[in-house]
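**Q** One structure coming up, written as structure tokens, with questions to follow.
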Amino acid sequence: MSPEFSRTLVLAHVPAGGQALRLEADEAERAALARRFGLLALHALGAELRLSPGPEGRVQVEGALRAEVEQACVVSLEPVRQRLEEAVAWRLLPEGIEPSDGDDDPDDIPSEGGVADLGEALAQQLSLALDPYPRAPGATLPAEAGDGAAHGPFAALAKLRPRE
Numbered sequence: 002m003s004p005e006f007s008r009t010l011v012l013a014h015v016p017a018g019g020q021a022l023r024l025e026a027d028e029a030e031r032a033a034l035a036r037r038f039g040l041l042a043l044h045a046l047g048a049e050l051r052l053s054p055g056p057e058g059r060v061q062v063e064g065a066l067r068a069e070v071e072q073a074c075v076v077s078l079e080p081v082r083q084r085l086e087e088a089v090a091w092r093l094l095p096e097g098i099e100p101s102d103g104d105d106d107p108d109d110i111p112s113e114g115g116v117a118d119l120g121e122a123l124a125q126q127l128s129l130a131l132d133p134y135p136r137a138p139g140a141t142l143p144a145e146a147g148d149g150a151a152h153g154p155f156a157a158l159a160k161l162r163p164r165e
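In this text, residue positions in the sequence shown follow my numbering: the first is 2, and each later residue adds one.
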């Protein structure tokens, strides 16, 4: 499967002084990512990144992801539009270097043949930033309505319980 939003980077081409990089997904890429992640729409996806070469051919990446997503409310299925901003902290690894497991370390992104896909890494970070249970303002489940009455399959049994 080829990534919907691919922006490859040859690690060896990052200048010694580092470089700034801006990534933006176009309309077709956003539509494909919306299908992949089950979104109603992905209105915007981009990142401002700063790349710095590190030891042993590694490349440090820092910056920010920004996106505007539209998801279905888990209660009412109404569209819920949200803006996301996430810090980006990655370490691009040349082929043959194993990822580390340190809690404070940036996320390690492996490369194949010294080429890393920043677009796919950004798409994966977006998937982790999505709200798993988006809710429209004012949307409540019947049990949250607060009328004090029992609801559901055990409501009849709850009426038989002695009151204190």
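A virtual CB, placed ideally from N, CA and C, is assigned to each residue, including glycine.
Does the distance from the C-beta atom of L41 to that of E87 stay below 8 angstroms?
**A** Cβ distance not < 8 angstroms, so L41 and E87 don't count as in contact.
**Q** Assuming A124 and F6 make a contact with CB atoms under 8 angstroms, what is their CB distance in whole Å?
**A** With a Cβ gap of about 5 angstroms, A124 and F6 count as contacting.
**Q** Could you work out which residue in G97, E79 and A130 is closest to A140 when comparing CA atoms only?
**A** The shortest Cα separation from A140 among G97, E79 and A130 belongs to E79.
**Q** Hey, would you say R92 sits closer than 8 angstroms to Q126, going by beta carbons?
**A** In this structure, Q126 does not lie closer than 8 angstroms to R92 by Cβ.
**Q** Can you round the beta-carbon distance between S112 and P95 to whole angstroms, since I take them to be within the 8 angstroms contact cut?
**A** The Cβ separation is near 6 angstroms, so the contact holds.
**Q** What's the gap between the Cα of T9 and the Cα of L50?
**A** Answer to the nearest angstrom: the Cα atoms are 14 angstroms apart.
**Q** Is it buried or exposed, P100, if we count other Cβ atoms within 10 angstroms and call 16 or more buried?
**A** Flag for P100 reads exposed.
**Q** A65 and A48: beta carbons closer than 8 angstroms?
**A** Their beta carbons are under 8 angstroms apart, which means A65 touches A48 by this criterion.
**Q** How would you write the range of the beta strand (DSSP E) that R136 sits in, first residue to last?
**A** Element bounds for R136: n/a, residue is neither H nor E.
**Q** Residue ranges of each alpha helix (DSSP H) run of no fewer than 4 residues wholly in the region 69-95, ordered along the chain?
**A** Complete alpha helix (DSSP H) runs here, min 4: none at all.
**Q** Please report the straight-line C-alpha distance between L158 and L129, rounded to a whole angstrom.
**A** For L158 and L129, the distance between alpha carbons rounds to 41 angstroms.
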